[in-house]
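Structure first, then comments.
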Amino acid sequence: MKVLLDESVPRRLAAEFPESFGARTVQQMGWAGCSNGELLRLAADHGFGVLVTVDQGFAYQQSVRNLPIPVVIMIAGRTRLQELLPLVPEVIAVLSGDLGRRIHRVVA
Numbered sequence: 128m129k130v131l132l133d134e135s136v137p138r139r140l141a142a143e144f145p146e147s148f149g150a151r152t153v154q155q156m157g158w159a160g161c162s163n164g165e166l167l168r169l170a171a172d173h174g175f176g177v178l179v180t181v182d183q184g185f186a187y188q189q190s191v192r193n194l195p196i197p198v199v200i201m202i203a204g205r206t207r208l209q210e211l212l213p214l215v216p217e218v219i220a221v222l223s224g225d226l227g228r229r230i231h232r233v234v235a
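In terms of my numbering, the sequence shown has 226 at position 99, counting the first letter as 1, and numbering is strictly consecutive.
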């Protein structure tokens, strides 16, 4: 499953995912500045299986019924790399399960 990291996620976090996830950042794809809805459509159209973000407002900005791909929201005290790193194993565990087209939260 290809993983797309939202522009709100530190870019260096992509290296923490196993190579099999093919983690890429929004910036690498050239999609910085896209609206959340547009970003989800682009991700789905380009074969990404999930969007990982730290944007807690994402859940309130998108209709869950219309999600083209699932979303994982990482929730930590701050969005710095050091605070998100401990969440990566749990995110990987979530990605290994049945995601469905819904929003999943991984909390520190």
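Built from N, CA and C at the ideal position, the CB exists for glycine as well.
As the structure is a prediction and not an experimental result, all values here were calculated from the model.
Taking the alpha helix (DSSP H) that residue i belongs to, which residues open and close that run?
{"i": "residue 200", "result": "Taken as a continuous stretch (DSSP letters only), residue 200 belongs to no alpha helix (DSSP H), being part of the beta strand (DSSP E) at 198-202."}
{"i": "residue 218", "result": "215-222"}
{"i": "residue 168", "result": "163-172"}
For residue i and residue j, what's the separation of their Cα atoms in angstroms?
{"i": "residue 130", "j": "residue 204", "result": "23 Å"}
{"i": "residue 153", "j": "residue 134", "result": "5 Å"}
{"i": "residue 128", "j": "residue 147", "result": "7 Å"}
{"i": "residue 221", "j": "residue 207", "result": "21 Å"}
{"i": "residue 162", "j": "residue 178", "result": "13 Å"}
{"i": "residue 159", "j": "residue 168", "result": "14 Å"}
Run through the DSSP bridge pairs and tell me what residue i is partnered with.
{"i": "residue 151", "result": "131"}
Would you mind reading off the limits of the beta strand (DSSP E) that contains residue i?
{"i": "residue 176", "result": "175-180"}
Next on the checklist: Under 8 Å, with one C-beta from each stretch per pair, do the region 194-214 and the region 225-234 reach the 3-pair mark?
Outcome noted: yes
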